[in-house]
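Below is one structure; the comments refer to it alone.
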Amino acid sequence: MALSIKTQSPGRINIIGEHTDYNDGYVLPAAIDKATVVHLKKNGNPSECSMIALNIGEVAYFDLNNIKPVESGWQNYMMGVVHELQKIGAKFTGFDCEFGGNVPIGSGMSSSASLECSLAFALNELFELGFDKWQLIRAAQMAEHNFVGIKCGIMDQFASMMGKKNQVILLDCRSLEYEYFPLDLGDYQLLLLNTNVSHSLGDSEYNNRRTECEKGVAIIKEKHPNIKNLRDVTLPMLSEFNGVMPAVTFKRCYHVVSENQRVLEATEAMKAGNHQLLGELVYQSHFSLQNDYEVSCPELDFLVQLTLDKDYIIGSRMMGGGFGGCTISIIKKEMVGIFKTYASKAYKERFNKDLTPYTVSIEDGAKVL
Ligand code: GLA
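At position 143 of the sequence shown the residue is numbered 553 (my numbering), and the sequence of numbers has no breaks.
As structure tokens, this is what we get:
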């Protein structure tokens, strides 16, 4: 039996399909070349554990028999995963865990899922728990719900665990069926621009959005009792409620229903090599997130706006939960350098902040190192 193990699990991008996962909808993510590495060692103690966050030089301790969330902090991601695995039957003995990585925090690339998944994967291997990847994905997601307090969907943990080199993944968050297909953008490539802002209202607004969607479903259900959630709602069905349900609820639902449709159209466009159409859908996604779902922020809107008159950029939008983090753009390969310089200067002038551009590659999900 091994005494130690090292694993890594990546962050993710999402081509399109934002705030659809917790509505049983579709998403189109991929794992990237930025990851969290976890080094786990059995320490011989029956229940005492330590955790070291290498990037920030912090240490924390907990006891396996008494795991409770702390007020806030990175410990919750770790303890949450351990606790959720215990709930489904995992038996541990004391361990020491060091972790670190290069997924930028608060960037919308899901550093949190990459940490949760890397740890869940490592625990499963080291303690020979025998869970399958779906059980690990769920435990990581539930850690976020119950310890971190964000009622997230399944996209981030799924992508981090199941990513495949050079492939994007169409995931149906209801049936959990998924399909890999190659990310082939021809003369174009993806470019992420990190605003380096992360507006703190993000977490509570995330849960509020989820509640708004549930509210919309309850109203629609009165007339259409067969629907389970927004996944079952079509645009014509939703339009019956324009002016009937509260305007804000209507807008939230409109985003989700239209975004689901866009994911499917974007998937077809990608498979057919229709990059222009893909780009248009990506722009539509942004404007829907900005105006209807209202999870964008001035910094993200500014960066998307900058791309609109550039014929070498065919699509751009905010990525992830919102209120900060990155935009993702589809840009002509040879123009990346020029645009990075231009956007960084414009961003600095407007917000007096630095912009961080990333060109990411698509990589495998969680693995043992
Ligand atoms: C966060 C959540 C995901 C998803 C996105 C928005 O990243 O963790 O589950 O809801 O926001 O698409």
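We treat Cβ as the ideally placed atom computed from N, Cα and C, and that holds for glycine.
- Around the CB of P514, 16 or more other CB atoms lie within 10 Å, so the residue is classed as buried.
- Judged by DSSP secondary structure, C562 falls outside any beta strand (DSSP E); it is assigned neither H nor E.
- Remark: the C-beta of D431 is in contact range of the ligand GLA, defined as less than 7 Å to any heavy atom.
- Distance between I466 and F660, taken at the CA atoms: about 43 Å.
- In the structure shown, the three-state DSSP call for S419 is strand.
- At a threshold of 7 Å, M519 does not count as near the ligand GLA, since its beta carbon sits no closer than that to any of the ligand's heavy atoms.
- For A412, there is no enclosing alpha helix (DSSP H), since its DSSP letter is neither H nor E.
- The Cβ-Cβ distance between L699 and G732 falls below 8 Å.
- For L716, the CB contacts under 7 Å within the same chain, skipping 5 residues up- and downstream, are A753, A756 in chain order.
- Closest in C-alpha terms to F537, from the list N604, E554, G499, comes G499.
- In the same chain as S457, and ignoring 5 residues on each side of it, the C-beta atoms closer than 6 Å to its own belong to D473, L474, N475, G504, in chain order.
- M572 sits buried, since 16 or more C-beta atoms from the chains shown fall within 10 Å of its C-beta.
- Look at L710 here: in three-state DSSP terms it is helix.
- Of the other Cβ atoms in all chains shown, 16 or more fall within 10 Å of the Cβ of N424; this residue is therefore buried.
- Set against 7 Å, the gap from the CB of C527 to the closest heavy atom of the ligand GLA is not smaller.
- Collapsing the DSSP output to three states places F733 in coil.
- Closer than 7 Å to some heavy atom of the ligand GLA: that does not describe the Cβ of G559.
- Taken atom to atom, the span from the alpha-carbon of L495 to that of T737 is near 34 Å.
- In this structure, DSSP gives F660 a helical state, which the three-state scheme calls helix.
- One thing to note: M552 has its Cβ no nearer than 8 Å to the Cβ of C507.
- For the ligand GLA, a non-hydrogen atom lies closer than 7 Å to the CB of C562.
- Unbroken beta strand (DSSP E) runs of no fewer than 3 residues, entirely contained in the segment 563-592, are found at 577-582, 588-592, following chain order.
- Spatial neighbours of Y487 in its own chain (CB-CB distance under 8 Å, excluding positions within 5 residues in sequence) are listed in chain order as S522, L525, E526, L529, A553, E554, F557, V558.
- Taking C-alpha positions only, S771 is separated from N576 by approximately 7 Å.
- In this structure, the C-beta of M565 approaches the ligand GLA to less than 7 Å from one of its heavy atoms.
- DSSP places S739 within a strand segment (E or B) once states are collapsed to three.
- In the DSSP assignment, F651 falls outside any beta strand (DSSP E), carrying neither H nor E.
- Residue pairing by DSSP places S460 opposite Y471, D506 in a beta bridge.
- In the three-state reduction of the DSSP assignment, S771 falls in the coil class.
- With distances taken between CA atoms, L601 lies nearest to Y768 out of A776, A412, Q418, Y768.
- In the three-state scheme derived from DSSP, where H, G and I count as helix and E and B as strand, I724 is classed as strand.
- Taking all protein chains in view, the Cβ of K497 is surrounded by fewer than 16 other Cβ atoms within 10 Å, so the residue is classified as exposed.
- In this chain, Y432 is not harboured by any alpha helix (DSSP H), its DSSP state being neither H nor E.
- Taking a 10 Å sphere around the C-beta of A412, we find fewer than 16 other C-beta atoms and assign the residue as exposed.
- DSSP, read as helix, strand or coil, puts K758 in helix.
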